[in-house]
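Take a look at the structure below.
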Amino acid sequence: MKARTRFAPSPTGYMHIGNLRTALYEYLIAKANGGDFILRIEDTDQKRYVEGATDIIYKTLKRVGMNWDEGPDIGGNYGPYVQSERRSIYAEYAHKLVELGGAHYCFCKQKEEAETSDDEEPVEAHSKFKDPCKLIPLDEAKKRIAAGEPFVVRQNINKKGTSIFHDVVYGDIEIDYDELDEGVLLKSDGLPTYNFANVVDDHLMEISHVVRGNEYISSTPKYNLIYEAFGWTPPVYVHVPPVMKDSQHKLSKRNGDASFQDLVAKGYLPEAILNYIALLGWNPGDEREIFSLQELEKCFSSERLNKSPAIFDITKLTWMNGCYIRNLSAEEFHKLAEPYYKDITKPLNFKALSAVLQPRIETLAQIPQEIDFLQQIPDYPLSLYENKKMKTNPEIAKHSLALVVPVLQNVTDWTNENLFNVLKECAATNELKNGQILYPVRIALSGKETTPGGATELAVILGKEETLNRINQALEKL
RNA sequence: GGUCCCAUCGUCUAAUGGUUAGGACAUCACCCUUUCACGGUGGCAAUAUGGGUUCGAGUCCCGUUGGGAUCACCA
């Protein structure tokens with residue numbers, strides 16, 4: 075049987091890395107056996123709704139290539155795919171569940187009111203089978219509802235003993251029914267809680283595998299009770315451990331941790347981010363680490379999912395991003411790098427610049443600091459010309475640069491290879507070490523101790539005119 | 001606090017009860033080299049702890065410690 079999985083985010087803001095990883099695993103479970111991946115928006119909490127959040131969800135999934143087979147924007151046979159549009163469905167099933175004995179109507183005070191009153195807390199009473207509303211005969215409850223009294227539908231936990239369920243990641247889990255709360259299923263605003271909407275939707279949409287954070291483990295028996303009351307079959311559960319910021323804290327937007335779009339803005343490639351998070355809690359069983367989404371589809375197995383939390387390590391992501399950057403074709407890289415050249419108004423050889431940058435950077439955001447000297451040469455101290463290994467100092471530099479100027483003026487084939495040969499020749503004929511020519515030239519062209527590319531590469535990027543300008547400038551300075 | 005879950009290098013992780021406990025990132029050293037990178041070679045580095053079971057335990061069992069989760073008209 076083909077798997078059907080769903081990604082069911084609530085539109086509360088940015089795309090968390092942890093959520094994206096959950097979506098990835100859901101997508102992969104579906105695609106690993108040719109199944110369908112469904113997108114469902116869980117917007118039953120109107121207080122938390124953020125305008126534009128669904129758009130971010132769409133864009134992110136599309137950007138990483140996780141295309142959904144059914145969803146709010148493209149429809150499908152199990153719609154609607156937005157929970158707020160399914161309101162009547164939940165109400166119908168909630169009332170049905172009451173009839174089936176799986177829930178009851180409750181007229182108790184709302185939580186906020188209860189907290190402000192100084193009497194004892196009715197909230198506590200609910201958790202231990204003491205809800206007075208359970209004793210209200212169904213007929214009477216219905217009359218009160220008909221009379222317009224506000225109500226919620228609350229789950230019945232009548233079972234005793236232990237509940238056992240199987241989880242793909244954690245194995246068999248036992249939880250005592252006494253630990254379960256009789257939680258609200260349908261709120262007084264008529265909208266369902268997650269606890270209820272999920273069960274109803276997952277069943278109606280024929281979801282086969284439910285992937286979610288392991289914080290839901292302890293409430294899973296409650297969901298199973300609802301499935302049971304309706305006579306439905308529960309899905310296969312895949313609870314995944316959280317993605318951590320450090321050993322103590324989850325990665326979370328609230329703590330200001332990076333979201334997917336933050337990382338993209340910091341110069342990380344979506345493909346690299348996806349690849350990295352796939353490995354946060356999963357491994358292929360061999361030593362491969364670089365995977366495209368298509369490759370993951372082929373080798374993913376939920377059996378290899380890890381039980382323990384994984385710390386998000388930006389350093390390793392950065393390394394992996396560097397791998398992806400180096401694997402880009404020169405054209406692809408140039409296209410991605412170009413926006414970062416926007417502050418340079420000089421007519422440089424930008425293709426050559428990209429070529430020199432590509433093997434040297436790990437994130438696109440590193441570009442500006444690498445190329446800051448191109449627009450304008452910084453004010454640098456003459457001591458930069460001092461270099462033991464290159465056997466050079468300001469005096470030698472002055473001598474070398476003076477020799478180089480007429481040589482370069484005669485060069486017509488302004489390529490790295492030719493320039494390198496010409497300068498080496500210049501060194502040889504003047505009985506100088508290569509470094510004694512090349513090092514000063516590089517400093518003269520950049521004013522920096524370290525640069526992306528060597529002297530001749532910089533010369534190609536700057537062009538003949540600017541190169542000679544900068545060398546002459548240096549000579550004056552010396 | 002009750003309950004549930006987790007525990008291998010600093011980090012991500014591998015290891016049918018039998019391996020010199022493997023790989024990757026980071027780090028260090030060296031090589032390559034027109035600086036810096038890239039690339040290459042090598043080094044450092046882990047089974048939280050105490051008991052069992054077993055000829056043999058990272059692996060199975062129990063305790064301890066540490067960490068996380070959950071106990072909402074949030075998801």
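Note that this note's numbering has the first sequence beginning at 75, numbered continuously upward.
Ideal Cβ positions, reconstructed from N, Cα and C, are used throughout, including at glycine.
Residue i: which of the options sits nearest, CA to CA?
i    : options                : result
Y167 : E116, L519, G264, L506 : G264
T392 : K420, E345, N380, P358 : E345
E144 : H408, V515, F111       : F111
A471 : A548, E369, A215, K390 : A548
A104 : R328, L367, K216, E223 : L367
H90  : L497, N349, K327       : K327
P85  : L348, A127, K121, T96  : A127
N141 : R122, G176, Y101, F239 : Y101
E116 : A220, N107, N272, I210 : N272
D255 : R228, Y268, P383       : R228
I556 : E248, G527, R78        : Any question about residue 556 goes unanswered here, given that the chain covers just 75 to 552.
F494 : I511, E253, D331       : I511
G257 : G222, V242, P295, I238 : P295
H283 : K136, L542, A77, P442  : A77
V242 : L98, Y311, D276        : Y311
A352 : F374, D331, Q335       : F374
A501 : T489, L343, A476       : A476
T96  : G109, L135, R161, A332 : L135
K507 : K463, H169, E223       : K463
R160 : R114, R137, K121       : R114
L532 : T524, L519, E539       : L519
E539 : V485, L337, R122, F407 : V485
I418 : L456, F447, E436       : F447
N504 : K121, S321, N492, V481 : V481
L337 : V479, K522, T437       : T437
Quick one: is residue i buried, meaning 16 or more other Cβ sit within 10 Å of its Cβ, or exposed?
i    : result
P433 : exposed
S428 : buried
I517 : buried
R400 : exposed
M75  : exposed
A220 : exposed
Q449 : exposed
P309 : buried
S262 : exposed
P514 : buried
S191 : Residue confidence for S191 is low, a pLDDT of 41 falling below 50, so the modelled location carries little weight; the figure read from the coordinates is stated next. S191 is exposed by the Cβ-count criterion.
S474 : buried
A339 : exposed
T525 : buried
D246 : exposed
D205 : buried
Cβ of residue i within 9 Å of Cβ of residue j?
i    : j    : result
G287 : H313 : yes
N230 : G176 : yes
G394 : Y350 : What sits at residue 394 in the sequence shown is Met, not Gly. Yes.
D83  : I148 : The sequence shown places Pro at residue 83, not Asp. Their beta carbons are not under 9 Å apart, which means P83 does not touch I148 by this criterion.
Y459 : P468 : yes
L422 : G537 : yes
N357 : P315 : no
Y88  : F334 : yes
Y179 : R218 : yes
L542 : Q483 : yes
L348 : G139 : yes
H277 : F304 : yes
G341 : A439 : yes
Pick helix, strand or coil for residue i, following the three-state DSSP scheme.
i    : result
A352 : helix
S333 : coil
Y311 : strand
P146 : coil
D417 : coil
S237 : strand
N461 : strand
V243 : coil
P211 : coil
H200 : Because the pLDDT of H200 is 48, which lies under 50, any placement of that residue in the model is unreliable, and the question is left without a value.
E189 : Caution applies to E189, whose pLDDT of 42 falls short of 50 and renders its modelled position unreliable; the model cannot decide the point.
I103 : helix
T541 : helix
I249 : strand
H178 : strand
V172 : helix
Uninterrupted alpha helix (DSSP H) stretches inside the segment 483–521 (no shorter than 4 residues): Here the runs fully enclosed are 490–503, 508–520.
Length at least 4, wholly inside the segment 369–427: the alpha helix (DSSP H) runs in chain order: List check, alpha helix (DSSP H) in window: 388–401, 404–411.
Sequence ranges, beta strand (DSSP E) only - wholly within the segment 251–321, length at least 3: DSSP runs (the beta strand (DSSP E)) wholly in the segment 251–321: 258–260, 283–287, 310–314.
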